[in-house]
């Protein structure tokens with residue numbers, strides 16, 4: 060039997076049940092989910108599914124990540140709600156590809172771990188699966204592992220196996236609507252041009268779960284737990300001298316402006332910091348920044364495209380301000396200006412939760 064897999068939270072419990080209920084079947088996992096966005100999230104879910112299948116002794120095949128074709132398939136259905144017409148088209152596409160793969164490897168039955176997802180309609184999945192069976196001759200096995208306490212058992216297995224528990228179904232359209240309903244920043248879509256790994260980002264989780272896999276391979280014990288903290292995302296930073304002259308500038312992490320704009324002049328200096336007479340804005344020259352950071356940036360553009368890590372920037376803020384709670388802007392520039400400056404800085408701090416890994 061070919062088992063279409065969407066994620067480890069659904070698949071691990073589902074595959075365990077299938078192994079018990081269908082002992083005569085050789086199960087093969089098929090990870091085909093071109094709906095998952097962004098690609099880093101796709102890689103993270105695949106990583107955890109690979110670990111899960113390895114634990115269960117189940118072969119896994121990765122399908123093509125044909126995201127552009129998926130977008131074309133759901134075109135015009137972007138505003139459909141979860142469990143609506145867009146989901147049905149998405150099921151069709153994944154079922155067709157899964158069935159072709161089943162026939163290719165000599166299987167005549169398929170099923171999907173989506174059947175245990177609380178975000179999906181079992182009736183909708185079964186209807187699409189049955190219609191597909193009639194057209195293509197590949198039998199769809201519609202099992203119900205949700206009822207009779209199944210959802211609670213699934214949560215238990217997820218916790219015991221320390222699986223990656225994502226908090227959205229997968230596609231960009233569902234994610235957008237979910238974050239709008241939650242009135243929450245869609246920080247999954249932030250991807251700095253520098254490649255810097257941001258706190259509580261998908262990239263940070265990908266690093267964490269890759270480390271988890273390495274620890275397991277080494278036989279080391281660990282725990283993953285959640286931590287509440289103040290997160291930060293910067294949308295843009297622009298510094299202008301006079302009316303039109305742009306000055307290359309870099310805002311350190313946790314730099315914020317309540318009104319997103321400040322005008323003034325630099326009035327005095329204390330040690331490495333130069334103070335503007337508006338909004339507590341502080342400047343530091345690139346030379347002084349290099350000394351403090353023990354780096355050798357030649358210009359601000361190099362700093363923008365290859366900045367220190369997020370943790371290093373937090374350390375630098377503390378070195379400069381001697382406090383971990385200061386959110387005033389610290390702006391790195393090449394030379395200090397005596398002219399009127401306009402700083403435009405759009406950034407946000409917000410309460411968030413991230414995962415932490417400790418080795419026991």
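Numbering (the working numbering), first residue to last: 60 to 419. Virtual Cβ for every residue (Gly too), placed ideally from N, Cα, C. Given the structure is predicted, the values throughout are model-derived calculations rather than measurements.
Checklist entry - Are the beta-carbon atoms of residue 371 and residue 352 separated by less than 9 Å? => result Position 312 of the chain shown, counted from the start, is the residue given in the question as residue 371. Position 293 of the chain shown, counted from the start, is the residue given in the question as residue 352. A contact, by the Cβ cut-off of 9 Å.
Next on the checklist: DSSP has residue 295 in a bridge; who is on the other side?
Outcome noted: If you number the chain shown from 1, residue 295 lands on position 236. Beta-bridge pairing links residue 295 to 405.
Checklist entry - At which residues does the beta strand (DSSP E) containing residue 390 begin and terminate? => result On the chain shown, residue 390 is found 331 positions in, with the first residue counted as 1. Its beta strand (DSSP E) spans residues 389-392.
Checklist entry - Distance, Cα to Cα, residue 273 vs residue 221? => result Sequence index remark: in the chain shown, residue 273 carries index 214 (1-based). Sequence index remark: in the chain shown, residue 221 carries index 162 (1-based). The alpha-carbon atoms of residue 273 and residue 221 are separated by roughly 14 Å.
Checklist entry - Which class does residue 222 belong to by DSSP, given the choice of helix, strand or coil? => result Reading the chain shown from its first residue, position 163 is the one you call residue 222. DSSP places residue 222 in coil when its eight states are reduced to three.
Next on the checklist: Suppose you measure from the CA of residue 398 to the CA of residue 284; what does that come to, to the nearest Å?
Outcome noted: The sequence position of residue 398 within the chain shown is 339, counting from 1. The sequence position of residue 284 within the chain shown is 225, counting from 1. Between residue 398 and residue 284, the C-alpha separation is close to 50 Å.
Checklist entry - residue 312: which of 266, 389 and 61 sits nearest, CA to CA? => result Here residue 312 refers to the residue found at position 253 when the chain shown is read from its first residue. Of 266, 389 and 61, the residue nearest in Cα terms is 389.
Item to check | First and last residue of the uninterrupted beta strand (DSSP E) at residue 329 | outcome: The count along the chain shown starts at 1 and reaches residue 329 at position 270. First-last of the beta strand (DSSP E) with residue 329: 325-329.
Checklist entry - Would you say residue 309 and residue 362 are within 9 Å of each other, going by their C-beta atoms? => result As a working mapping, residue 309 is identified with position 250 in the chain shown. As a working mapping, residue 362 is identified with position 303 in the chain shown. A contact, by the Cβ cut-off of 9 Å.
Checklist entry - Nearest to residue 81 by CA position, among 102, 169 and 95, is which residue? => result As a first step, residue 81 must be located in the chain shown, where it is residue number 22. Selected option, being the one with the closest Cα: 169.
Item to check | Whether residue 90 touches residue 204 by CB criterion (9 Å) | outcome: Position 31 of the chain shown holds residue 90. Position 145 of the chain shown holds residue 204. For residue 90 and residue 204, no; Cβs fall outside 9 Å.
Checklist entry - chain D beta carbons: is any one of them nearer than 9 Å to that of residue 264? => result Of the chains in the structure shown, none is chain D; there is only one protein chain.
Next on the checklist: Per the DSSP calculation, residue 335 is bridged to which residue(s)?
Outcome noted: Along the chain shown, read from residue 1 onward, the residue named residue 335 stands at position 276. 325.
Checklist entry - Going by the beta-carbon positions, is the gap between residue 103 and residue 225 smaller than 9 Å? => result On the chain shown, position 44 is the one that residue 103 refers to. On the chain shown, position 166 is the one that residue 225 refers to. For residue 103 and residue 225, yes; Cβs fall inside 9 Å.
Checklist entry - Whose C-beta lies closer than 7 Å to the C-beta of residue 151 among residues of the same chain, with five residues either side of it excluded? => result Here residue 151 is taken as the residue at index 92 of the chain shown, counted from 1. Answer for residue 151: 187, listed in chain order.
Item to check | Simplified DSSP state of residue 132, which is helix, strand or coil | outcome: What you label residue 132 is simply residue 73 of the chain shown in a count that begins at 1. Residue 132: helix per DSSP, three-state reduction.
Checklist entry - When we look at the beta-carbon of residue 160 and count the other beta-carbons within 10 Å, is it buried (16 or more) or exposed? => result For the purposes of this step, residue 160 is taken as the residue at position 101 of the chain shown. It is buried - the Cβ of residue 160 has at least 16 other Cβ atoms within 10 Å.
Item to check | residue 171 and residue 122 closer than 9 Å at C-beta | outcome: Residue mapping note: residue 171 aligns to position 112 of the chain shown, counting from 1. Residue mapping note: residue 122 aligns to position 63 of the chain shown, counting from 1. For residue 171 and residue 122, no; Cβs fall outside 9 Å.
Item to check | With 16 other Cβ atoms within 10 Å as the buried cut-off, status of residue 318 | outcome: Translated into the one-based positions of the chain shown, residue 318 becomes position 259. Result: exposed.
Checklist entry - Looking only at C-alpha atoms, which of 213, 305, 294 and 193 sits nearest to residue 393? => result Numbered from its first residue, the chain shown carries residue 393 at position 334. Of the candidates 213, 305, 294 and 193, the one whose C-alpha sits nearest the C-alpha of residue 393 is 305.
Next on the checklist: According to DSSP, is residue 281 part of a helix, a strand, or is it coil?
Outcome noted: As a working mapping, residue 281 is identified with position 222 in the chain shown. Correct three-state label for residue 281: strand.
Checklist entry - Between the stretch 342-358 and the stretch 275-289, do at least 3 Cβ pairs fall closer than 8 Å? => result no
Item to check | contact_flag[the stretch 110-121, the stretch 244-261] where n(CB pairs < 8 Å) is 3 or more | outcome: no
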